[in-house]
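A.B. asks:
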Amino acid sequence: MMACSKNKGASAAIEGKMVNMPSWWNTQKDDAYVCTYGMGTNVKQSTSLDTAKNNALFEAAQYVEVQVKGMLKTYEEEAGVFDPQLLALTQKVIKTVTNTTFSGVINGQMETRRVTEHGGPRYTTYLQLKIPKSEINKSLYTNIRNEEALYNQFKASMAFEELERTVEK
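Take the sequence shown: its position 153, counting from 1, is numbered 155 in our numbering, and each next residue is one higher.
(1) Tell me which residues share the same chain as W153 and place their Cβ nearer than 7 Å to its Cβ, disregarding the 5 neighbours each side in the sequence.
(2) So, is L51 buried or exposed, given that buried needs 16 or more other C-beta atoms within 10 angstroms?
(3) Just checking my contact of Y143 with V169 at CB under 8 Å: how many whole Å lie between their CB atoms?
(4) Could you please give the first and the last residue of the uninterrupted alpha helix (DSSP H) stretch that includes M23?
(5) Report buried or exposed for V45, applying the criterion of at least 16 other Cβ atoms within 10 angstroms of its Cβ.
(6) Is the Cβ-Cβ distance between K31 and L131 less than 8 Å?
(7) So who's on the other strand from G122, going by DSSP bridges?
(8) Around the C-beta of N139, are 16 or more other C-beta atoms found within 10 angstroms, so that it is buried, or is it exposed?
(9) Determine the direct distance from the alpha carbon of N28 to that of S7, and round the result to whole angstroms.
(10) Taking buried to mean at least 16 other C-beta atoms within 10 Å of its own C-beta, is I108 buried or exposed?
(11) Could you have a look at M4 and say whether DSSP puts it in helix, strand or coil?
(12) CA-CA distance, T76 and V70?
(13) Go to V36, then tell me how far its beta strand (DSSP E) extends in each direction, as first and last residue.
(14) Quick check on the DSSP output: the alpha helix (DSSP H) that includes E163 runs from which residue to which?
(15) Between T126 and T43, how many whole angstroms is the CB-CB distance? I'm expecting something under 8 Å.
(16) Do E137 and F104 have their CB atoms nearer than 8 Å?
(17) Where are the alpha helix (DSSP H) runs, 4 residues long or more, that stay fully inside the region 45 to 119, in chain order?
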């Protein structure tokens, strides 16, 4: 059996309500800080805030991981080598830095909305955390310096020299 339709090219309508994020969501307007974002929903307002903060800190850890992997890639391109031992040391530094509690972290923007979800009232909190870039760079620099084999590999690379300059400012 075959069916015909006038709207062969039309796409199916998407069901559900449009979710509006705060206007400040995912903005990076401050050069001195890395802004990370978290959202949390819970029956308790305070728990929704805690969840949002944890999600924003997780995003900060991902930022650090990307930064370190970028340095490793730059080093490998400069040196023309791929060293599995170096990769293992880099993973150790990433883990250490991402488990670091950065000082100077401040709440940027925050918005809590009361929503009805799953048959009852809930609170959804949107949170922007601002982490000083100087703190991230300092932690990264210190951890690379503490990992002697990694430091010996990285110290001549342009990526590490750039990191070192930002820490010395």
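Virtual Cβ for every residue (Gly too), placed ideally from N, Cα, C.
C.D. replies: So, from the listed chains and residues:
(1) Numbered from 1 along the sequence shown, position 151 holds the residue referred to as residue 153. Residue 153 is actually Tyr in this sequence, not Trp. Closer than 7 Å at Cβ, skipping near neighbours: I146 and R147.
(2) Position 49 of the sequence shown, counting from 1, holds the residue named residue 51. The residue in question, L51, is buried, as its Cβ has 16 or more Cβ neighbours within 10 Å.
(3) Counting from 1 along the sequence shown, the entry for residue 143 is found at position 141. Counting from 1 along the sequence shown, the entry for residue 169 is found at position 167. Indeed they touch by this definition, with Cβ atoms about 5 Å apart.
(4) Here residue 23 is taken as the residue at index 21 of the sequence shown, counted from 1. From DSSP, M23 is part of no alpha helix (DSSP H); its letter is neither H nor E.
(5) Against the sequence shown, residue 45 aligns to sequence position 43. It counts as exposed.
(6) Residue mapping note: residue 31 aligns to position 29 of the sequence shown, counting from 1. Residue mapping note: residue 131 aligns to position 129 of the sequence shown, counting from 1. With contacts defined by Cβ atoms closer than 8 Å, K31 and L131 do not form a contacting pair.
(7) To locate residue 122, count along the sequence shown from 1; it is residue 120. DSSP output for G122 lists E119 as bridge partner(s).
(8) As a first step, residue 139 must be located in the sequence shown, where it is residue number 137. Per the 10 Å Cβ criterion, buried.
(9) For the purposes of this step, residue 7 is identified with residue 5 of the sequence shown, where counting begins at 1. For the purposes of this step, residue 28 is identified with residue 26 of the sequence shown, where counting begins at 1. With a pLDDT of only 47 at S7, under 50, the local geometry of the prediction cannot be trusted, and no value is derived from it.
(10) Your numbering for residue 108 matches position 106 in the sequence shown. Flag for I108 reads exposed.
(11) Indexing the sequence shown from 1 puts residue 4 at position 2. Bear in mind that the predicted position of M4 carries a pLDDT of just 48, short of 50, making it unreliable; the figure below should be weighed with that in mind. Under the three-state reduction of DSSP output, M4 falls in the coil class, being neither helix nor strand.
(12) Taking the first residue of the sequence shown as 1, we reach residue 76 at position 74. Taking the first residue of the sequence shown as 1, we reach residue 70 at position 68. Rounded to the nearest angstrom, the two C-alpha atoms are 10 Å apart.
(13) Within the sequence shown, residue 36 is the residue found at index 34, counting from 1. Its beta strand (DSSP E) spans residues Y35 to N44.
(14) Your numbering for residue 163 matches position 161 in the sequence shown. Unbroken alpha helix (DSSP H) run through E163: M160 to E170.
(15) If you number the sequence shown from 1, residue 126 lands on position 124. If you number the sequence shown from 1, residue 43 lands on position 41. At roughly 4 Å, the Cβ-Cβ gap stays under 8 Å, so T126 and T43 are in contact.
(16) By one-based count along the sequence shown, residue 137 stands at place 135. By one-based count along the sequence shown, residue 104 stands at place 102. Yes; because the gap between Cβ atoms is below 8 Å, this pair is in contact.
(17) Taking only runs of at least 4 residues, the alpha helix (DSSP H) segments lying wholly in the region 45 to 119 are 47 to 81 and 86 to 100.
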